[in-house]
Amino acid sequence: MDRKPEGLSYRGVNEDIINFMTKTGPKYYLVLGFFILCSVFLYLLPWIHQIYTGQGVTGLNVPVVWGVYLVNFVFWVGVAHAGTLISAMLYITETPWRRAIARSAETMTLLALIVVAFFVFIHMGRPWNFYWTFPYPNQRKIWTSFQSPIMYDVFAIGTYFTSSLVFLYFGMIPDFASLSQSTTGWRKSFYKAMSLGWRGTDRQWHLQAKASMFFASFIMPLVVSVHSIVSWDFALSIVPGYAQTVFAPYFVTGALLSGFAAVILALTVLRWTFPMMKKYILIHHYDRIGLFILVLALTWSYLTGMEIITGYFANTSDEIQHITYKILTYPYSWLFAFMIFCNTILPLVLISGKVRRSEKLMFFLCIFIIIGMWLERYLIIPNSESRKFLPYMWHSYTPTWVEMSITVGALMVFISLFMIIIKIFPVISIFEIKEDVGVPMKKEGH
Amino acid sequence: MESALGLFDYVDELANAAEKMKSAGYYVEVFSPVPLGHELEPILGKQNNPIKYATFFGGVSGFCFGMVLCLGTIAMYPLARGGRMLWAIPPPLLISYETTILLGVLFTLAGFVLFAGLPATKEHLTPEVSVDSFGLYVQGIRRGGFNEVEKILTEYGAKEVKKVEE
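Right under this line is the structure:
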């Protein structure tokens with residue numbers, strides 16, 4: 010099993026990445042055009058329709074005021090999790106296999122966070138008032154309440170987005186300098202400006218390493234805090250199904266599980282679409298991430314059990330009703346069973362090294378995990394609101410075509426953005442791959 | 029004073045040349061497409077890390093900013109509701125936790141940019157050092173001494189030596 014890219018030279022790495030970014034065939038543009046069109050028809054137009062008509066076009070109604078949009082919000086925050094974690098945690102532990110995949114994972118993080126931000130606006134009845142969430146002196150005589158978990162969210166996700174952007178850009182500075190020397194036209198000017206005049210001196214590399222360690226050390230606890238805080242949007246309420254002390258680790262684990270699954274999907278698509286990528290994204294990466302997924306799936310399963318058992322032991326009528334509704338009532342019983350199949354039973358096949366090293370099996374397995382993790386959020390968010398304390402208020406929620414269309418459209422937006430970004434920015438870290446290749450020494454065994 | 033840039037294919041040769049030039053009293057700087065910390069530290073000496081001060085300052089000011097923002101809000105816009113304590117401890121801590129990281133990250137970036145001499149308008153001495161060559165930049169050569177430096181660098185394995193006027 011290959012553990013390092015082999016048969017590569019420094020110049021070869023540069024040429025590979027530049028060719029990947031600059032040589033784009035008509036098929037690529039056709040596929041990109043298709044996804045952009047899908048984004049317009051499935052995402053943008055339904056959203057405009059919703060803004061024009063009002064929130065009545067959604068299935069939201071008392072008592073269910075948090076529906077699929079917030080399911081998607083939590084889901085995409087989860088997808089955003091693995092990228093920065095792969096980068097930061099594996100950087101701190103000096104794990105060499107992170108180098109080839111960290112950049113694409115970080116890019117996914119950033120794009121997923123953009124999708125996340127838009128789901129907040131979509132969920133808002135009046136998205137043009139989004140700036141009311143920012144604390145700044147104003148004449149409206151309103152001010153944000155820092156006792157609200159929603160405000161924790163604004164700060165957590167804002168910090169996560171800013172830090173991820175800084176981490177991603179910072180890591181690219183040496184690559185921009187390298188690219189500016191090997192490209193022409195607008196790219197040369199663009200990369201030169203983005204490189205800030207990086208020259209690769211020993212002093213600059215020394216400071217780069219130190220700053221990377223600081224960034225990684227900041228971002229590690231940030232990754233944990235962001236999804237903990239997202240979970241407190243729910244757990245700090247008194248709604249049965251939401252008020253769970255286990256939610257912070259439960260959400261963090263689930264986020265990482267879906268995030269790693271999403272990373273596998275992105276890496277596989279890159280490998281299948283661009284055969285050159287097989288030199289860099291290796292089967293060894295699948296094997297390592299497969300182990301992570303296995304551990305996370307088992308942890309997630311344990312926490313799912315805890316969520317139900319603690320609710321059951323509480324033995325209050327509202328908790329029992331919530332659990333019955335979520336697990337034993339059609340159609341949610343089927344969704345719950347399918348979620349357990351996707352996230353607990355299927356990942357057990359990862360015990361086998363053969364499965365972990367099969368990109369096809371990993372790809373399909375990760376699709377199931379992604380679906381399972383989306384269902385988990387669906388079963389928590391609108392389902393809990395459907396059964397609050399007073400039975401006369403009970404109401405089942407069904408998403409409308411607008412909500413489902415925007416849900417699918419968000420995926421199209423994400424794919425379109427990813428396809429554009431990987432052609433402008435180096436999706437594989439050039440200087441880190443060169444580190445993998447090794448420092449050239451004349452004397453053997455030096 | 030003149031300067032010279034020797035281009036090397038191999039890092040061990042560059043390290044030997046750097047050691048020689050440094051012991052001869054020249055100021056040397058290394059350009060490379062990858063970090064060479066471990067290989068060069070014994071020769072160029074341990075470098076300091078001023079970024080940590082920027083990081084520390086950012087973290088502390090971020091924490092203070094978060095605290096002031098939350099506590100100031102409670103003082104200036106008291107909003108008692110739901111029987112919750114007005115001066116509760118967890119909300120300011122949570123917000124401060126995030127702002128500590130936010131300003132810590134931003135100040136680390138600012139520190140890096142400042143201490144790494146960026147943004148710089150100087151052109152690359154030669155494009156190869158950002159692709160596949162290692163450059164040894166020798167500064168402080170007395171007028172007319174370039175040939176001697178060129179000879180030493182070539183002896184130590186430099187594939188090309190350029191005279192540089194910055």
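Just so you know, the sequences run in chain order A and B.
Quick note on numbering: my numbering labels position 376 of the first sequence as 385, and the sequence is numbered without any gaps.
Quick note on numbering: my numbering labels position 106 of the second sequence as 134, and the sequence is numbered without any gaps.
Glycine is no exception: its CB is placed at the ideal position from the N, C-alpha and C atoms.
If you're wondering where the values come from, they're calculated on a predicted model, not measured in any experiment.
Sub-9 angstroms separation of residue i and residue j beta-carbons
i         : j         : result
A/Ile-302 : A/Pro-258 : no
A/Ile-123 : A/Val-239 : no
B/Val-56  : B/Phe-162 : no
A/Phe-82  : A/Val-125 : yes
A/Pro-144 : A/Trp-137 : no
A/Arg-112 : A/Ser-438 : yes
A/Tyr-406 : A/Asn-392 : yes
A/Tyr-387 : A/Leu-344 : yes
A/Phe-29  : A/Val-436 : yes
A/Ser-191 : A/Ile-442 : no
A/Met-117 : A/Ala-271 : yes
A/Tyr-37  : A/Met-428 : yes
A/Val-448 : B/Glu-47  : no
9 angstroms Cβ cutoff, residue i in contact with chain B
i         : result
A/Tyr-341 : no
A/His-455 : Legend: pLDDT at A/His-455 = 44, less than 50; position of this residue unreliable, no value from coordinates given.
A/Met-10  : Confidence is the limiting factor: at A/Met-10 the pLDDT is only 48, short of 50, which leaves the residue's position unreliable and the question unanswerable from this model.
A/Leu-205 : yes
A/Thr-168 : yes
A/Lys-219 : yes
A/Ile-101 : no
A/Gly-209 : yes
A/Arg-20  : yes
CB contact check: residue i to chain A, cutoff 9 angstroms
i         : result
B/Asn-175 : no
B/Ser-51  : no
B/Phe-91  : no
B/Ile-180 : no
B/Tyr-105 : yes
B/Ala-148 : yes
B/Ala-32  : no
B/Ile-169 : no
B/Tyr-125 : yes
B/Ala-116 : yes
B/Val-133 : yes
Cβ shell of residue i (< 8 angstroms), same chain only, five flanking positions each side left out
i         : result
A/His-294 : Trp-106, Ala-109, Ile-110 and Leu-276
B/Pro-78  : Gly-139 and Phe-143
A/Ile-358 : A quick correction: the sequence has Val, not Ile, at residue 358 of chain A. Around A/Val-358: Val-364, Leu-370 and Leu-374.
A/Ile-336 : Ile-317, Ser-342 and Phe-345
First through last residue of the beta strand (DSSP E) which encompasses residue i
i         : result
B/Ile-169 : 162 to 169
B/Val-189 : 188 to 192
B/Ser-31  : 30 to 36
Close Cβ partners of residue i (< 7 angstroms) along its chain, the five nearest in sequence each way excluded
i         : result
A/Met-315 : Val-255
A/Ala-306 : Leu-266, Asn-352, Thr-353 and Pro-356
B/Phe-135 : Ala-82, Thr-83, Phe-85 and Gly-86
A/Pro-408 : Gly-68, Gly-76 and Val-77
Three-state class that DSSP yields for residue i in the structure shown
i         : result
A/Ala-275 : helix
A/Val-233 : helix
A/His-455 : With a pLDDT of 44 at A/His-455, under the threshold of 50, the modelled position of that residue is not reliable, and the figure given next carries that caveat. Coil at A/His-455, not helix or strand.
B/Tyr-55  : strand
A/Ala-109 : helix
B/Asn-77  : coil
A/Thr-118 : helix
B/Val-62  : coil
A/Val-73  : strand
A/Thr-333 : helix
A/Thr-102 : coil
B/Thr-149 : coil
A/Thr-210 : strand
A/Ser-367 : coil
Same chain only: Cβ atoms within 6 angstroms of residue i, ignoring 5 sequence neighbours per side
i         : result
A/Glu-24  : none
B/Glu-30  : Ile-169 and Phe-174
A/Gln-253 : Ala-244 and Glu-316
B/Met-95  : Pro-120 and Ser-124
B/Met-49  : Val-56 and Val-166
Cutoff 9 angstroms: residue i Cβ touching any chain E Cβ
i         : result
A/Pro-183 : Here the protein chains are A and B, and chain E is not one of them.
Host alpha helix (DSSP H) of residue i (start-end)
i         : result
A/Phe-143 : First-last for A/Phe-143: undefined, no H or E at that position.
A/Arg-20  : 19 to 31
A/Thr-171 : 158 to 191
A/Val-422 : 410 to 433
A/Ile-60  : 54 to 62
B/Glu-178 : 174 to 183
A/Trp-343 : 341 to 349
A/Pro-35  : 35 to 48
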